[in-house]
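Once you know that position 27 of the sequence shown is 15 in our numbering, the rest is easy, because the numbers rise by one and skip nothing.
C-beta atoms are modelled at their ideal positions from N, C-alpha and C, and glycine is treated no differently.
These figures come from a predicted structure and were not determined experimentally.
Read the structure below first, then the notes.
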Amino acid sequence: MVGLVEICAEDCLPTIQPSIHTESYGNFICNVYRIRPAGETEWLIVDSGEPIQIDCRTIKMRQAEFDSFETEYVRPPTIAQRDKYDWDGIYQFICLRIFEEGITETLIQLIHEVQDWCMRRSDGKDMPDESTLRKRLRPLYKSLKGSMDEEPTVSPPLLEHAATQSPQPD
């Protein structure tokens, strides 16, 4: 047989598939038992017990088939789910509150202030409950309180020494 033929993919997969997954360059000969001449609808089955051996590196694909595969199987982009609550607004409120008044004494005080802010913004309809706020704000609150409890990076004696060693104006 001469010319373009279609080969049955199932015949070549046992040879091609391991090479795809392991990137090995081993056996490229696939045994084909079914072929279909170009323009035909029926498969021709190899009558003899010996399959037709084809070097997989010589298999070609028509551009139209390649293009249809690319467009048909493109994964649609996922749309990010919007947050149910205005977390950016909440964090902005917290930053302003800390800048203007400092951090609250307890996490629950901060949560209550955030709930008050949310209630004013949404008329109490769509606002996070206390447990949701606690889950979201606890790591932030702990890191803020932890940074306030840490010792200064320069020890006090060095600060005093630096103050006494300041240059005198001429």
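{"Asked": "What residues are listed by DSSP as bridge partners for C18?", "Found": "I42"}
{"Asked": "Does the region 93 to 107 come close enough to the region 115 to 128 that 3 or more CB-CB pairs lie under 8 Å?", "Found": "yes"}
{"Asked": "Please state the DSSP three-state secondary structure of V34.", "Found": "coil"}
{"Asked": "Closest by CA to L32, which one among P39, I40, R22 and Q41?", "Found": "R22"}
{"Asked": "Give me whichever residues DSSP pairs with R24 in a beta bridge.", "Found": "E(-6)"}
{"Asked": "Which term fits T66, buried or exposed, when burial requires 16 or more other beta carbons within 10 angstroms of its beta carbon?", "Found": "exposed"}
{"Asked": "So does the region 34 to 50 actually touch the region 75 to 94, counting three or more Cβ pairs closer than 8 Å?", "Found": "no"}
{"Asked": "For C106, is the classification buried or exposed, using 16 other Cβ atoms within 10 angstroms of its Cβ as the cut-off for buried?", "Found": "buried"}
{"Asked": "Have a look at I78, S135 and V20 and flag the residue whose alpha-carbon is nearest the alpha-carbon of A(-3).", "Found": "V20"}
{"Asked": "I need the DSSP call for M159, collapsed to helix, strand or coil.", "Found": "In the structure displayed, the chain extends from -11 to 158; residue 159 sits before or after that span and is not available."}
{"Asked": "Quick one: residues in its chain with C-beta nearer than 7 Å to the C-beta of V(-7), no 5 flanking neighbours on either side, listed in chain order?", "Found": "I23, R24, P25 and A26"}
{"Asked": "Take L132 and list the residues in its own chain whose beta-carbon comes closer than 8 Å to its own, dropping the five residues that flank it on each side.", "Found": "I86 and I91"}
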